[in-house]
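There are 2 protein chains.
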Amino acid sequence: MAEVNNKQIVLKDNIGAGSPKESDLITRVSKINLNVPVGPNVILVKNLYLSCDPYMRSRMSKYEGRYVESFTPDQPIVGLGVAKVLDSGDEKFKKGDLIWGLTGWEEYSLITNAHAHGLFKIEHTDVPLSYYTGLLGMTGMSAYAGFYEVCAPKKGEFVFISAASGAVGQLVGQFAKLLGCYVVGSAGSKEKVDLLKNECGFDEAFNYKEEEDLVAALKRYFPEGIDIYFENVGGKMLDAVLANMRIHGRIAACGMISQYNLEKPEGVYNLTQILHKRIRIEGFLVTDYYHLYPKFLEMILPYIREGKIKYLEDTAEGLESAPAALIGLFSGRNVGKQVVVVARE
Amino acid sequence: MAEVNNKQIVLKDNIGAGSPKESDLITRVSKINLNVPVGPNVILVKNLYLSCDPYMRSRMSKYEGRYVESFTPDQPIVGLGVAKVLDSGDEKFKKGDLIWGLTGWEEYSLITNAHAHGLFKIEHTDVPLSYYTGLLGMTGMSAYAGFYEVCAPKKGEFVFISAASGAVGQLVGQFAKLLGCYVVGSAGSKEKVDLLKNECGFDEAFNYKEEEDLVAALKRYFPEGIDIYFENVGGKMLDAVLANMRIHGRIAACGMISQYNLEKPEGVYNLTQILHKRIRIEGFLVTDYYHLYPKFLEMILPYIREGKIKYLEDTAEGLESAPAALIGLFSGRNVGKQVVVVARE
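Line by line, the protein sequences are chains R and F.
Count the first sequence with the working numbering and you get residues 2 to 346, in order.
Count the second sequence with the working numbering and you get residues 2 to 346, in order.
Written out as structure tokens, the structure is:
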């Protein structure tokens, strides 16, 4: 009987406000039998790469009315990953297939309702497999949908991106540059600012922690105002952006990471600018745009092969490093997409 | 020489924050010669009806970055009105035409650049002329554009309207009912609440001044949440609405009257709901939609003729009553569209 160890990352209990801690997550070893045939609509996978994403913070708490459900205490947490199918009871997948989508933070996962789960079969393997946790997965699709679909950008427009060195922000900036926009990003360290300017081709970037007056900082970089704001931060930054928007400006709200750990969110005061400047703010969730995935791949794969997209990964080796990798996300420790390597094949 | 008296309402000086007062406006009598031929692109009009609109508050102050310019001190203030053309140097208009659009708060106005000024010739006179200051003018177009174009409503959706007894709010509610939506409005007095329920056909209405907890009040009227919010108020009401929105909800921001007189606007705290519920908020200005005016008339004129639209006017007689009428708007004195009758023909 091929019962093997199955290392898992488990949530101790749903947490309240405040920064999550590594100790909120427990590493334990369960057993799993790899030889029991899976039932209909179930697949057994070996997890290869796991993605650390900001939205996972919400799932650690027990909140009502969120767009994702809370993690279940004492169960492996769930996130996006790349995995190899070991056995399949789902007609869409077969043994040996590589897939990306929602899986468990463990070495092996039984994924029930695989079809409905939004798993994608990986068809192109001439690019790094880990990219499907980000650039070729939800991260890339978020940047694509948020920028092209929500922001409706035009060549020459003025684009600002907060948390720009994050996985989605870097991509949005590069998409905007490829379209011929003027692009400025904010980030939280000199290292990240340098990355944006020197590696990602942003026109400008600044460290928001060094700016006493965010309204003035944005005015400096956008003397004529901002056409498009790709919002990852919320709170004070959103307020400062509102004061600097141009008429018919668009704000795609992808995240508001500055607000997730607060007991009470920050107030935003400049909302009358929505009227004065006829601004559109739109929150979006990438899953609403997954039908565009083939169109996205058609655009992005040539860019990747031609080296036109700079994509940085911050790789943590081994499932045991996963808690630190995830928690680090909320203190801005990572540079680029945070990936956990569970196994390389 | 037909020099006649020309009574005028003049702004004493641009005002700061706080409620405007009647004494900020001065009534004076100038002279105008009605027999001097007007130059090219100029028309001379006799003003018949003037419209009091909330946005005029902004023009009384001297602010930068507004969507309208400040009123010029010691000059007649400017607003929407219905007028009769006495002489025309503009090919689009001829003597005897009735028009609606921007005109001066005075008995007679010389309108320069009439063509560019966005004046509309009145073609249908089987309905009350005063309606062109509101229902058939900017008010009606605001309701039409904001509801149909910005909110993209569907039959059966849950619609909330703040300042619902105002000119635009009443109409939006009726459009929503005609489409088959569930409609609730808020207003600031029992009289207004009764009007909404008994005259305008709203499903429900409530007096926001009697609600200690706006979030709870909205939850009571919308146990399943709000699909569409027609925003006239801003601040605390917007915050409470955000907490009650449904997934893919839409907010059309037409005004934020609660914020105009504040030294510092109120903070709004629930903006992360934009993400959680994938909400779209969009500020709009009716002038961006004036190309739809013929389409709007096509819809609204039959409704008016068939008595399917309830439209209330609050009429002040004589130009000398205009300052009180305008100032009353900001304390919620009026019920329905505030019109000043300068002359009936």
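Cβ atoms here follow ideal geometry from the backbone N, Cα and C, with glycine treated the same way.
For F:Gly-186, decide whether its Cβ has a neighbour in chain R, counting only Cβ atoms nearer than 8 Å. Chain R has no Cβ within less than 8 Å of the Cβ of F:Gly-186.
Cβ-based neighbour list, R:Gly-40, same chain, cut-off 6 Å, excluding 5 preceding and 5 following: Its chain contains Gly-90 as the residues whose beta carbon lies nearer than 6 Å to that of R:Gly-40, once the 5 sequence neighbours on both sides are disregarded; these appear in chain order.
Determine, using beta carbons only, whether R:Lys-265 and F:Tyr-270 come nearer to each other than 8 Å. Against a cut-off of 8 Å, the Cβ pair of F:Tyr-270 and R:Lys-265 comes out as a contact.
Same chain, Cβ closer than 8 Å to R:Met-142, five either side skipped, listed in chain order: The answer, listed in chain order, is Val-287, Tyr-290, Tyr-291, Leu-293, Tyr-294 and Phe-297.
Going residue by residue through the region 274-336 of chain F, where are the continuous alpha helix (DSSP H) segments of at least 4 residues, counting only ones entirely within it? The region 274-336 of chain F contains, as complete alpha helix (DSSP H) runs of 4+ residues, the segments 294-306 and 323-330 (chain order).
Check each candidate in F:Ser-332, F:Val-340, F:Val-342 and F:Ala-326 and name the one with the smallest Cα separation from F:Leu-26. The shortest CA-to-CA distance from F:Leu-26 to any of F:Ser-332, F:Val-340, F:Val-342 and F:Ala-326 is the one to F:Ala-326.
Could you name the residues of chain F that R:Phe-285 contacts, counting a contact when the two beta carbons are closer than 7 Å? Arg-279, listed in chain order.
Within the same chain, show all residues whose beta-carbon is closer than 7 Å to that of F:Ala-241, passing over the 5 residues directly before and after it, in chain order. Leu-215, Val-216 and Leu-219.
For chain R, check one thing: does any of its Cβ atoms lie closer than 8 Å to the Cβ of F:Pro-266? It does: the Cβ of F:Pro-266 has a partner Cβ on chain R nearer than 8 Å.
What residue range is occupied by the uninterrupted beta strand (DSSP E) comprising R:Phe-231? First-last of the beta strand (DSSP E) with R:Phe-231: 227-232.
Give the DSSP-derived three-state secondary structure of F:Asn-15 in the structure shown. F:Asn-15 sits in coil when the DSSP states are folded into three classes, being neither helix nor strand.
Could you spell out where the beta strand (DSSP E) holding R:Ala-188 opens and where it closes? Counting along the chain, the beta strand (DSSP E) containing R:Ala-188 begins and ends at 183-188.
Measuring only between beta-carbons, confirm whether R:Met-257 sits less than 8 Å from chain F. Taking Cβ atoms only, chain F reaches closer than 8 Å to R:Met-257, which makes this a yes.
Three-state secondary structure (DSSP) of F:Phe-207: When DSSP states are grouped into helix, strand and coil, F:Phe-207 belongs to the strand group.
At which residue ranges does the region 36-69 of chain R contain complete beta strand (DSSP E) runs of 3 or more residues, listed in the order of the chain? Taking 3 residues as the minimum length, the beta strand (DSSP E) runs contained wholly in the region 36-69 of chain R are 43-52, in order along the chain.
Contact criterion: CB-CB distance below 8 Å. Does F:Ala-254 meet it with respect to chain R? Output row for F:Ala-254: interface = yes.
Suppose contacts are defined by Cβ-Cβ distances below 8 Å. Is R:Phe-285 in contact with R:Gly-102 by that definition? Taking a C-beta distance under 8 Å as the contact criterion, R:Phe-285 and R:Gly-102 do not qualify as a contact pair.
Nearest-angstrom Cα distance between F:Lys-237 and R:Ile-275? Going by C-alpha positions, F:Lys-237 is about 16 Å away from R:Ile-275.
8 Å contact criterion, which R:Asn-7 and R:Val-37 should meet: CB distance rounded: Not confirmed; about 13 Å, so no contact.
Contact check, F:Lys-338 vs F:Thr-140, beta carbons under 8 Å: Taking 8 Å as the Cβ cut-off, F:Lys-338 and F:Thr-140 qualify as a contacting pair.
So who's on the other strand from F:Ser-89, going by DSSP bridges? Per DSSP, F:Ile-44.
Residue from F:Ala-188, F:Phe-161, F:Val-341 and F:Ser-190 whose Cα sits closest to the Cα of F:Phe-176: The candidate whose alpha carbon is nearest that of F:Phe-176 is F:Phe-161.
Going by the beta-carbon positions, is the gap between R:Ser-59 and R:Tyr-261 smaller than 8 Å? Result yes, Cβ atoms of R:Ser-59 and R:Tyr-261 sit closer than 8 Å.
Could you tell me whether the Cβ atoms of F:Leu-196 and F:Ser-166 are closer together than 8 Å? Yes, Cβ-Cβ distance for F:Leu-196 and F:Ser-166 is below 8 Å.
Would you mind sorting F:Gly-181 into buried or exposed? The rule is 16 or more other CB atoms within 10 Å of its CB. So F:Gly-181 ends up on the exposed side.
When R:Ala-84, R:Tyr-149 and R:Glu-211 are compared against R:Ile-123, the one with the closest alpha-carbon: Taking R:Ile-123 as reference, the option from R:Ala-84, R:Tyr-149 and R:Glu-211 with the minimal CA-CA separation is R:Ala-84.
Would you mind listing the beta strand (DSSP E) stretches within the region 81-151 of chain F that are 3+ residues and don't spill past its ends, in chain order? Within the region 81-151 of chain F, the complete beta strand (DSSP E) runs of at least 3 residues fall at 99-105 and 109-113.
Delimiting residues of the beta strand (DSSP E) encompassing F:Met-257: In the DSSP assignment, F:Met-257 falls outside any beta strand (DSSP E) and carries neither an H nor an E.
Residues near R:Gln-171 in its chain [Cβ-Cβ closer than 6 Å; skip 5 each side]: These residues qualify, in order along the chain: Cys-201.
Do F:Ile-112 and F:Val-43 count as a contact pair if the criterion is CB distance below 8 Å? The Cβ-Cβ distance between F:Val-43 and F:Ile-112 falls below 8 Å.
If contacts are defined as beta-carbon pairs under 8 Å, then R:Phe-382 and R:Ser-187 qualify, I think. What distance do you get, rounded to the angstrom? Residue 382 of chain R lies beyond the stretch modelled for chain R, which goes from 2 to 346, so this question has no answer here.
For R:Val-185, which option in R:Val-151, R:Lys-156 and R:Tyr-222 has the closest C-alpha, if you only look at C-alpha atoms? When R:Val-151, R:Lys-156 and R:Tyr-222 are compared, the shortest CA-CA separation from R:Val-185 is found for R:Tyr-222.
Mind checking if F:Gln-76 is an interface residue toward chain R, Cβ cutoff 8 Å exclusive? At a cut-off of 8 Å between C-beta atoms, F:Gln-76 does not count as an interface residue with respect to chain R.
R:Tyr-270 versus chain B: which residues are under 9 Å apart at the beta carbon? In the displayed structure, chain B is absent; the protein chains listed are R and F.
Please indicate yes or no: does the CB of F:Leu-215 lie closer than 7 Å to some heavy atom of the ligand COA? Absent from the structure shown: the ligand COA. Ligands present: none.
Cβ of F:Ile-275 less than 8 Å from any chain R Cβ? Chain R, which has a Cβ nearer than 8 Å to the Cβ of F:Ile-275, makes this yes.
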